Amino acid sequence: MENTDWISLAALVLTSLLMLRVISLNKRVNDLQSQLERIDSRSAMDGGFIKTGIAAPTPQFVQNMDLMPDLENRLRLLLAEGKKIQAIKVLREARDLSLKDAKNYIDDMERGK
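According to full-length UniProt numbering, the sequence shown is numbered sequentially starting from 1.
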């Protein structure tokens with residue numbers, strides 16, 4: 001056998017191995033996709049979210065939130081201008097909070113707590 005024959009044979013074997021790997025990865029992707037669809041259909045039946053039966057506690061950083069002075073001043077200024085929704089939005093973006101947690105914090109701020 002000549003060198004070109006050996007190279008051709010090696011290329012054929014390598015191509016076959018790669019094709020087997022691609023087929024196995026494709027099967028894995030299909031399995032994961034079907035699992036995702038099952039989870040998605042279950043969450044849609046539960047009202048759009050997966051129920052755990054456990055109420056999530058308020059995160060610790062929300063309970064003891066030490067705002068940077070400039071952020072707190074900005075929030076107080078927005079509240080003084082009657083822009084409560086804008087203050088909630090600014091707080092949510094600055095601290096990556098849920099809408100509920102940000103609203104509760106702004107409400108407490110309004111009450112002077």
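Glycine is no exception: its CB is placed at the ideal position from the N, C-alpha and C atoms.
Note that this is a predicted model, so its numbers are computed, not measured.
task = Tell whether a beta-carbon distance below 8 Å holds between Leu71 and Ala94.
result = Using a Cβ distance threshold of 8 Å, Leu71 and Ala94 count as a contacting pair.
task = Assuming Ile106 contacts Leu75 (C-beta within less than 8 Å), just tell me the rounded distance between them.
result = Yes, Ile106 and Leu75 are in contact; Cβ-Cβ is about 7 Å, under 8 Å.
request  = Would you please state the rounded distance, in angstroms, between the beta carbons of Ala102 and Leu91? I believe it to be under 8 Å.
outcome  = Going by Cβ atoms, the distance from Ala102 to Leu91 rounds to 5 Å, so yes, they are a contact pair.
task = Please classify Glu2: does DSSP put it in a helix, a strand, or coil?
result = In the structure shown, Glu2 sits in coil (DSSP, three-state: anything other than H, G, I, E or B).
request  = Give the secondary structure of Leu32 by DSSP, where H, G and I count as helix, E and B as strand, and everything else as coil.
outcome  = When DSSP states are grouped into helix, strand and coil, Leu32 belongs to the helix group.
message = By the DSSP assignment, the alpha helix (DSSP H) with Glu81 in it spans what residues?
response = That residue, Glu81, is in no alpha helix (DSSP H); it is neither H nor E in DSSP.
message = Rounded to the nearest angstrom, what separates Val111 and Asp96 at their Cα positions?
response = Before going further, note that residue 111 is Arg rather than Val in the sequence given. Each residue's Cα considered, the two are about 23 Å apart.
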